[in-house]
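Sequential numbering from 1 applies to the sequence shown in our numbering.
Glycine included, every Cβ here is placed at the ideal spot set by N, Cα and C.
Since the structure is predicted, the reported quantities are computational estimates derived from the model, not experimental observations.
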Amino acid sequence: MKNGEKYQDMEHMKKTLKIGALVSGSGTNLQAIIDACVRGAIPGEVVFVVSDNHGAYGLKRAQKMGIPAFTVDYDRILKSYPKHPDRFSLPSDWDLEDILRKQVLFSPKTPQKKVEGFFACRVIVEAELFNCMTPFSFDLIVLAGFMRLLTPYFI
């Protein structure tokens with residue numbers, strides 16, 4: 001395009017994005033995204049919502065709009081894993097070395113066992129997130145007020 005010239009063929013930009021949303025609370029960010037999709041400001045539709053909080057009002061907002069909504073119980077796993085790691089299975093694509101290369105949360109001085117436990121718990125939870133999302137075809141994930149850290153495994 002030359003300066004000042006309008007782009008005439010916008011058809012390729014009209015694709016409807018399939019959006020997955022992660023929420024933790026009231027869902028005001030989610031509602032803003034849904035509203036923007038409905039009025040055409042975002043060329044997309046929210047196709048699922050997942051929360052880490054069973055009581056998140058964002059889940060109710062999704063359900064009112066007919067959007068599938070799920071919860072992954074972060075707290076249960078984060079509390080249970082340190083006491084009973086044998087009750088949980090790490091996903092087959094778990095790669096601790098890769099995660100350690102990419103992570104920036106812990107300094108090299110942090111005890112290795114603490115770092116491994118932290119990431120193992122979260123990878124187990126994130127694998128559950130993936131299990132909720134897998135049945136859906138989506139182009140984009142939005143963190144619409146999702147109040148959890150995501151590891152390099154998820155990203």
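Whole-angstrom distance between residue j and residue i, CA atom to CA atom
{"i": "residue 127", "j": "residue 91", "result": "7 Å"}
{"i": "residue 59", "j": "residue 141", "result": "16 Å"}
{"i": "residue 153", "j": "residue 81", "result": "18 Å"}
{"i": "residue 56", "j": "residue 72", "result": "12 Å"}
{"i": "residue 133", "j": "residue 112", "result": "31 Å"}
{"i": "residue 83", "j": "residue 89", "result": "14 Å"}
{"i": "residue 145", "j": "residue 24", "result": "6 Å"}
{"i": "residue 78", "j": "residue 116", "result": "13 Å"}
{"i": "residue 143", "j": "residue 22", "result": "5 Å"}
{"i": "residue 121", "j": "residue 39", "result": "40 Å"}
Minimum C-alpha distance to residue i - residue among the options
{"i": "residue 69", "options": "136, 44 and 48", "result": "48"}
{"i": "residue 64", "options": "85, 31 and 108", "result": "31"}
{"i": "residue 93", "options": "39, 33 and 130", "result": "130"}
{"i": "residue 16", "options": "108, 42 and 33", "result": "42"}
{"i": "residue 35", "options": "62, 150 and 145", "result": "62"}
{"i": "residue 26", "options": "118, 137 and 54", "result": "54"}
{"i": "residue 67", "options": "18, 122 and 120", "result": "18"}
{"i": "residue 148", "options": "105, 74 and 40", "result": "74"}
{"i": "residue 105", "options": "37, 76, 135 and 150", "result": "150"}
Coarse secondary structure for residue i, derived from DSSP in three states
{"i": "residue 56", "result": "coil"}
{"i": "residue 145", "result": "coil"}
{"i": "residue 11", "result": "In this prediction, residue 11 has a pLDDT of 49, which is less than 50 and means its spatial position is unreliable; what the coordinates show is noted afterwards. Three-state result, residue 11: helix."}
{"i": "residue 18", "result": "strand"}
{"i": "residue 47", "result": "strand"}
{"i": "residue 41", "result": "coil"}
{"i": "residue 30", "result": "helix"}
{"i": "residue 64", "result": "helix"}
{"i": "residue 35", "result": "helix"}
{"i": "residue 86", "result": "helix"}
Limits of the alpha helix (DSSP H) - the one that residue i falls within
{"i": "residue 80", "result": "74-80"}
{"i": "residue 130", "result": "112-133"}
{"i": "residue 102", "result": "96-102"}
Residues bridged to residue i (per DSSP)
{"i": "residue 70", "result": "50"}
{"i": "residue 140", "result": "19"}
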